[in-house]
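Below is one structure; the comments refer to it alone.
There are 2 protein chains.
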Amino acid sequence: MLFNIAAPTYAADKKPNIVFILADNLGYGEIGSYGGGLTRGAATPRIDSLANEGTQLLNMNMEAQCTPSRASLMTGRWAIRSGTHSVPFGGVADGLTRWETTIGEALSDAGYATGYYGKWHLGSHDGRLPNDQGFDEWFGIPRTTDEALWPTASGWSPDIMPPEKTMEGKKGEKSHELAIYDVVQRRLIDAEITKRSVAFIEREAKASKPFFAYVALSQPHLPTLPNPAFTGKTGNGDWADMLAEMDANVGQLLDAVDKAGVRDNTIVIFTSDNGAEFVKPWDGWSGPWRGQYFTALEGGIRVPFLIRWPGKIAARHVSNEIVHGVDMFATLARIASAKVPTDRPMDSVDQSDFILGKSEKSAREGFPIWCADRLTAVKWRNWKMHFIRQDTMFDPPVKNPVPTIYNLYTDPREEKPTADTWVVGPMLKIVGAFDQSVKHYPLILMGTPDPYTPKK
Amino acid sequence: MLFNIAAPTYAADKKPNIVFILADNLGYGEIGSYGGGLTRGAATPRIDSLANEGTQLLNMNMEAQCTPSRASLMTGRWAIRSGTHSVPFGGVADGLTRWETTIGEALSDAGYATGYYGKWHLGSHDGRLPNDQGFDEWFGIPRTTDEALWPTASGWSPDIMPPEKTMEGKKGEKSHELAIYDVVQRRLIDAEITKRSVAFIEREAKASKPFFAYVALSQPHLPTLPNPAFTGKTGNGDWADMLAEMDANVGQLLDAVDKAGVRDNTIVIFTSDNGAEFVKPWDGWSGPWRGQYFTALEGGIRVPFLIRWPGKIAARHVSNEIVHGVDMFATLARIASAKVPTDRPMDSVDQSDFILGKSEKSAREGFPIWCADRLTAVKWRNWKMHFIRQDTMFDPPVKNPVPTIYNLYTDPREEKPTADTWVVGPMLKIVGAFDQSVKHYPLILMGTPDPYTPKK
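Top line first, the protein sequences correspond to chains S and U.
If you count the first sequence from 1, position 423 lands on 447 in the working numbering, and the numbers rise without skipping.
If you count the second sequence from 1, position 438 lands on 462 in the working numbering, and the numbers rise without skipping.
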């Protein structure tokens, strides 16, 4: 099933374009190739086509909530290092410091045209927006989609909490606000994200530079309200209509790649920022796993991940090897011959050999799992050890009297603690290595303003 | 995706052979094409090949426990009609009366060579064994696999409860006992079932008659102990080794079909008798559904179902249409031009148009669900109404104060009752039609001895 490609091929060739599609709170179980689609009342043939034409990971992991997972995707570092383990309230600086090197900056420096479309949530003020952090242009929302409920919420007024606005901006210029992001705009935004992404792909495919389109779709994050063009389309309710909309939007992106004639030289990735939405009535489906976002359970961190690169990445290949979103930085950097920072701890592992089929094994055996700033669990091979118990985002986290260890092969729903205490060794090694790195490179605290420079 | 075939084709052609493979308590989530396999520590490529070369049903349903599901598969009638809704203890007659027409008898009468290999559980005494009920020959166990634990159980002695024995028999002859079915034989039996099934396929493929091989594998029913040849093979424990063994056994059956040169004229079906095993440490995986066998939850009744018939049944086709195990009788009878009884209520619906791609819709919209003799729920389209709440096989069934209705699209785990009370109408119609039929054709009571003839 795996291709064997000589090492220098993808470095020496023309650099591939990258279309990175990131859904928001889309659970493991939602799309057809992961057991959803039809069982959710809406087939997802366009998204599923990536499984048919590319590689499907069954064990792709992300941090457990939006801002941290997006931070680790963007920086190749655990979010707790960059002060983005949670969303700060209270007027302090949110998001990534300018000091972080983003994948946008790395690819931009490597000669890529970079566009960001969709939800950011990594800094909502000037200096920390996508066009300040390595992207040539952007459109989207600086924060997140539950804020779309504010303008029509009883008791709310803008002087208490200003509404979120859609924005756009270009590198070197100040971003500007477009419209209040309310429930009307919430229904419309993915169409606009898709339209602008398609325009970027069409335009940049004609240019001499390779391109990197970061398409951060807003669905299905609460409130899960589909575009009017899809409302009622499936006859199976908002959720199914949303899936149909998402599938059509991904289809438009795939069509744009084809029409631009760059299919063979374009990597397309479809994944989700974390596990399933939990807030009712918009809660999602973790498929076979237990737990939803904001938890360290598999349902909180295991996400769909499909990657296509015709002729380079095996088609119809399925793997249960552990990969983490944080690995995207080093992996894409390697493929794009971009630089990975060497002046800071990088948690990103280069998975290009694995993804390109030169190794059947992932370059990673495990990882620590934080929920906010709490080291909640460690995953290693097919085991998981929970230091803290938290079953849902609304349950208080409680320290386990003894850490609970689960065998994910025999107990995928993490319900029956095992006596496999030998796995504590390699797991604590993972934690120890992190702790050691923090001694040399202290964590950037949440709310840290720019300019930030690490103490020598 | 669907083939269009003129109606008389499969009736006029040479009748197809049928290899019907039935796993025992294999949950929806276990095999690769349903999200298991690699995630369980053992790939299942041979079983999955049937999804690739055939049609995969996402909404195949069975009765909730072994004897009833096997009875409805065998008779095309809800088990409660034939006195097989539960397993009787206490020396009364168990299993199906001779009066029932089995699919073995129907296909035998239609000119098929019929072989039964594996677990029967539809009558453990002479007159009710497979060779008495339409099968030319059989090998297997008359009852079930937990009895394999008896001979080594502390306190047990054979004068208290005689041990189960493996048996074999031929039509017209008395079956005879072979070996005590203990944990040693339990590990070996699927290899023997497979070996005898392969021999039957090889032999009958050369004969002029079409053949029907009913391969009732014993795995993974508790105790889930793999064959010694597979013990330790995956390195991931007994369960994964069992999956590897099952996949290899199915592979042997597929190879036998190929080697016999009858691939194109043979229907191969792989399914399970009911939802996942529950008894620890041998509990299985319902995949994304809640509940396990003995419950009316989706995890109790929804099973994997793959069907291959090259050129006749669409390859790589996936459907979420509702089909029920009880439909196998009328469907296989139609395809084999066999007779369906007309002197009794038949619950079996002919699904051949759906399976053969002449209709995108199943011929069934819903069905009642009994747990033992309790009408526990009704499923209709994407809704389910539970009259009785029972979350596990060990929980007491409790009547719901009001029936709980779940939308399986938006709430696949049946956790959030809806107010969609309009679906009560079509659901009660299903129940009413059954009740009406019982007035004319009283239920055969559990323990009814032969000869049985219905009162006029």
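Glycine included, C-beta positions come from ideal geometry on N, C-alpha and C.
Just so we're clear, the structure is a prediction, and the values are computed from it rather than from any experiment.
Taken in chain order, the whole alpha helix (DSSP H) runs of length 4 or more contained in the stretch 94-133 of chain U are 127-133.
Our two residues, glutamate 171 of chain U and tyrosine 136 of chain U, have alpha carbons roughly 33 Å apart in a direct line. Taking 8 Å as the cut-off, the beta carbon of glutamine 276 of chain U is found no closer than this to the beta carbon of valine 239 of chain U. Here the stretch 376-395 of chain U makes contact with the stretch 353-361 of chain U; the two share three or more CB pairs at distances below 8 Å. DSSP, read as helix, strand or coil, puts tryptophan 333 of chain U in coil. The DSSP assignment places complete alpha helix (DSSP H) segments of no fewer than 4 residues inside the stretch 304-348 of chain U at 322-325, in order along the chain. Contact annotation: in the stretch 59-71 of chain S, residues whose CB is within less than 7 Å of a CB in chain U are Gly59, Leu62, Thr63, Arg64 and Gly65.
Secondary structure at serine 242 of chain U: strand, using DSSP grouped into helix, strand and coil. Counting only the Cα atoms, aspartate 48 of chain U lies some 16 Å from phenylalanine 163 of chain U.
No Cβ of chain U is located within less than 8 Å of the beta carbon of tyrosine 317 of chain S.
Taking a cut-off of 8 Å on C-beta distances, the stretch 52-69 of chain S touches the stretch 258-274 of chain S, as three or more cross pairs fall below it.
When DSSP states are grouped into helix, strand and coil, glycine 164 of chain S belongs to the strand group. Residue pairing for asparagine 431 of chain U: DSSP places it in a beta bridge opposite U:Trp407.
At least one beta carbon of chain U lies nearer than 8 Å to the beta carbon of proline 436 of chain S.
By the C-beta criterion, the stretch 95-115 of chain U is judged not to be in contact with the stretch 200-211 of chain U, since fewer than 3 inter-stretch pairs fall below 8 Å. Put simply, the CB of tyrosine 476 of chain S is far from chain U, with every gap to its CB atoms at 8 Å or more. Those residues of the stretch 406-434 of chain U placed with their C-beta closer than 7 Å to a C-beta in chain S are Asn406, Tyr433 and Thr434, ordered along the chain. For proline 40 of chain S, the closest C-alpha among the options S:Thr218, S:Ile291, S:Asp271 and S:Ile213 is that of S:Ile291.
A Cβ-Cβ distance of about 6 Å is found for the pair cysteine 90 of chain S and threonine 168 of chain S, placing them in contact under the 8 Å criterion. Ranked by Cα distance from lysine 463 of chain U, the options U:Thr472, U:Pro478, U:Gly449 and U:Pro450 are led by U:Pro478. Annotation for proline 392 of chain S: the continuous beta strand (DSSP E) segment containing it runs 390-395. With a threshold of 8 Å between beta carbons, tryptophan 263 of chain U makes contact with chain S. The CB of leucine 82 of chain S comes closer than 7 Å to the CB of Leu62 and Thr63 in chain U, given here in chain order.
Pairing glutamate 87 of chain U with tryptophan 313 of chain U gives a Cβ-Cβ distance that is not under 8 Å. Isoleucine 225 of chain S sits close to alanine 280 of chain S, with the two beta carbons spaced by under 8 Å. For the C-beta of glycine 311 of chain S, the chain U residues within less than 8 Å are, from N- to C-terminus, Gly59, Gly311 and Pro312. Under the Cβ criterion (8 Å, minimum of three pairs), the stretch 434-441 of chain U counts as touching the stretch 311-325 of chain U. Distance from glycine 142 of chain U to isoleucine 217 of chain U at the Cβ level is roughly 5 Å; contact confirmed, criterion being Cβ atoms closer than 8 Å. In the displayed model, threonine 255 of chain U falls within coil according to three-state DSSP, outside both helix and strand.
Interface annotation, valine 274 of chain S: not in contact with chain U, CB-CB separation never under 8 Å. What glycine 53 of chain U touches in chain S, judged by beta-carbon distance under 7 Å, is Pro312, going in chain order. Per DSSP, the beta-bridge partners of tyrosine 141 of chain S are S:Phe163 and S:Val239. Within chain U, Asn406, Asn431, Tyr433 and Thr434 have C-beta atoms less than 9 Å from the C-beta of asparagine 260 of chain S, given in sequence order. Along the stretch 338-369 of chain U, going in chain order, the ones with a CB nearer than 8 Å to a CB of chain S are Val342, Ser343 and Asn344. The shortest CA-to-CA distance from alanine 457 of chain S to any of S:Val402, S:Lys408, S:Val426 and S:Ile429 is the one to S:Val402.
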